[in-house]
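For the record, the sequence lines run as chains A and B.
Each position in the first sequence, counted from 1, maps to that position plus 280 in this note's numbering.
Each position in the second sequence, counted from 1, maps to that position plus 40 in this note's numbering.
For every residue, glycine included, the Cβ atom is placed at its ideal position computed from N, Cα and C.
All values derive from a computational prediction rather than experimental measurement.
Reading through the structure tokens given below for one structure.
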Amino acid sequence: MQTQQNIEDRLWSFIDGTAEASEKSVIEKLLETDAAWKTKYRELLEVNEMLRSSELEEPSLRFTKNVMEEIARLHIAPATKTYINKKIIWGIGFFFIAMLVGFLIYGFGQMAFAPTGEESEISKTVSKVDFSKFFNNSWVNGLMLVNVILGLFLLDNYLGNKRKQYRKEA
Amino acid sequence: MSTGLNDNELISRVLSGDQQAYAGLVSRYQSYVFTLALRMVKSREDAEEVAQDSFIKAYKYLGDFKGASKFSTWLYTIVNNTAISFLRKKKVEIHSLDNEKVFEVADSKESGMGANMIEQKSKMLMVNEAIAMLNPDDAQIITLFYKAEQSLEETAQILGIEINAAKVRLYRARTRLKEKMETYFAEEVKDLN
């Protein structure tokens, strides 16, 4: 059974021209056969026509003059693209990447790698570490929870963007 | 005179230094911009200020208009943002549909006009008054879709929402408008049928 709201919803899509072709033909058939649909359609069509026929409001007669007087003192700002120097953006990016790479090289340089086949000092040390005590702290657990939530937000954002792209392509 | 030129031609002229060409754009869109502003801020003085500010901002940043959308869509986005900032600054109370003040406005309108005047009121004025009684969000989407000749996609773009959200908002706004007309202009609606 169709609810009143559902009928109105479908009829508005039909009137606005946003209904899909298959839905359009279903509604056209309903309008021919169902009196309730026909009555509702006429009612909504009248509201639609009234809205289309409503008048625009007019500002004061001096409006254009006032705007032109104001802009006479102004200059058009240069387009954003022209004053954002891409080289600076690339420079900042390069600086941070260089910092990260530098730290990594320094870090690996400090490591004493053992010959193949033998267990290195580092892996021996790592195996001795009791990780359970790090995750037994409510602050650490809280922080991890926040990270998980942030991760989910990012994932949602990423999937949302993908969906938008897909819709645009469709 | 530059009135015979289309929007893009006028914009090119303005960008190449012909400031007077901007008057063509202002006179072309002033009624749309003013109506849109009025639907949001509700007072004619404030709407004129918002409309004027919007045109000034549009002029200042005209260099950023790349023609990816229609000029009107870009301009109405500026109007929308300017009106929102204006309302925030003035801390104007945004009337909800069920707000008593809306009913007070409607009551004062009816009592001030008298039965004869209401009878003579044109269909268009009645619709405009009913739209003015709506909350700014509803009035804005109806004005954009019906008066500012924006498609549902463009309306969604101006408001910064998804198309489906715009569709739902428009549907609800029309339903509320219908209710307003049936409540406050019942006689006129009956006469029209």
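According to DSSP, simplified to helix, strand and coil, what is residue i?
{"i": "Y101/B", "result": "coil"}
{"i": "P339/A", "result": "coil"}
{"i": "A172/B", "result": "helix"}
{"i": "A87/B", "result": "helix"}
{"i": "R79/B", "result": "helix"}
{"i": "A359/A", "result": "coil"}
{"i": "A352/A", "result": "coil"}
{"i": "N46/B", "result": "coil"}
{"i": "K345/A", "result": "helix"}
{"i": "F225/B", "result": "coil"}
{"i": "K106/B", "result": "coil"}
{"i": "S52/B", "result": "helix"}
{"i": "G57/B", "result": "coil"}
{"i": "A206/B", "result": "helix"}
{"i": "A188/B", "result": "coil"}
{"i": "L137/B", "result": "Confidence in L137/B is poor, its pLDDT being 43 and thus under 50, which makes the residue's placement unreliable; the coordinate value appears in the next sentence. Coil at L137/B, not helix or strand."}
{"i": "E312/A", "result": "helix"}
For the alpha helix (DSSP H) containing residue i, list its first residue and its last residue.
{"i": "Y321/A", "result": "315-333"}
{"i": "N417/A", "result": "Unbroken run through N417/A: none, as it is neither H nor E."}
{"i": "E194/B", "result": "192-199"}
{"i": "I124/B", "result": "111-130"}
{"i": "S293/A", "result": "284-296"}
{"i": "L384/A", "result": "366-390"}
Beta-carbon within less than 7 angstroms of residue i's beta-carbon, same chain only, minus the 5 sequence neighbours each way: which residues are those?
{"i": "L310/A", "result": "W317"}
{"i": "A188/B", "result": "Y72, L76, S112, Y116"}
{"i": "F225/B", "result": "M166, A170"}
{"i": "G103/B", "result": "L55"}
{"i": "K149/B", "result": "With a pLDDT of only 46 at K149/B, under the threshold of 50, the placement of this residue in the model should not be trusted, and no figure is reported."}
{"i": "A98/B", "result": "L115, I118"}
Going along chain A, which residues have a C-beta under 7 angstroms from residue i?
{"i": "A63/B", "result": "T344, M348"}
{"i": "L78/B", "result": "E337"}
{"i": "G103/B", "result": "I356, A357, P358, A359"}
{"i": "K100/B", "result": "L354, I356, A357"}
{"i": "N168/B", "result": "S334, E335"}
{"i": "F126/B", "result": "Within 7 angstroms Cβ-Cβ: nothing; F126/B doesn't reach chain A, min ~15 angstroms."}
Cβ closer than 9 angstroms: which chain A residues qualify as neighbours of residue i?
{"i": "A108/B", "result": "Neighbours of A108/B on chain A: none; closest Cβ ~13 angstroms, over 9 angstroms."}
{"i": "E88/B", "result": "P339, S340, F343, N346"}
{"i": "V119/B", "result": "What V119/B touches in chain A: nothing, since even the nearest Cβ is about 12 angstroms away."}
{"i": "M164/B", "result": "M330, S333, S334, E335"}
Leaving out five residues on either side along the sequence, give the residues of the same chain with a beta carbon under 6 angstroms from the beta carbon of residue i.
{"i": "W114/B", "result": "F105"}
{"i": "A206/B", "result": "L192, T195, A196"}
{"i": "A91/B", "result": "V73, F74, A77"}
Residue i touches chain A at which residues, Cβ-Cβ below 8 angstroms?
{"i": "T75/B", "result": "L336, E337"}
{"i": "A196/B", "result": "Within 8 angstroms Cβ-Cβ: nothing; A196/B doesn't reach chain A, min ~12 angstroms."}
{"i": "V66/B", "result": "F343, T344, V347, M348"}
Leaving out five residues on either side along the sequence, give the residues of the same chain with a beta carbon under 8 angstroms from the beta carbon of residue i.
{"i": "E202/B", "result": "A196"}
{"i": "L324/A", "result": "E288, L291, W292, I295"}
{"i": "T183/B", "result": "T75, L76, R79, I171"}
Could you work out which residues of chain B lie near residue i, taking near to mean beta carbons separated by less than 9 angstroms?
{"i": "S305/A", "result": "Here the premise fails: no neighbours, minimum Cβ distance about 20 angstroms."}
Whose Cβ in chain B lies nearer than 8 angstroms to the Cβ of residue i?
{"i": "I287/A", "result": "Neighbours of I287/A on chain B: none; closest Cβ ~12 angstroms, over 8 angstroms."}
Is the beta carbon of residue i within less than 7 angstroms of some heavy atom of the ligand SAH?
{"i": "A359/A", "result": "Only the bare structure without any ligand can be found here, which leaves the ligand SAH out of the picture."}
Do the stretch 166-186 of chain B and the stretch 203-217 of chain B make contact, defined as three or more Cβ pairs closer than 8 angstroms? Yes, the stretch 166-186 of chain B is in contact with the stretch 203-217 of chain B.
Between the stretch 73-93 of chain B and the stretch 437-444 of chain A, do three or more beta carbon pairs fall short of 8 angstroms? Output reads no: the stretch 437-444 of chain A does not touch the stretch 73-93 of chain B.
Would you check if there are 3 or more beta carbon pairs closer than 8 angstroms linking the stretch 318-331 of chain A to the stretch 281-297 of chain A? Output reads yes: the stretch 281-297 of chain A touches the stretch 318-331 of chain A.
Determine contact between the stretch 43-51 of chain B and the stretch 417-437 of chain A, defined as no fewer than three beta-carbon pairs at a distance below 8 angstroms. Verdict: no, contact absent.
Contact between the stretch 59-71 of chain B and the stretch 339-352 of chain A (3+ Cβ pairs under 8 angstroms): Yes: the two stretches touch, three or more of their Cβ pairs being nearer than 8 angstroms.
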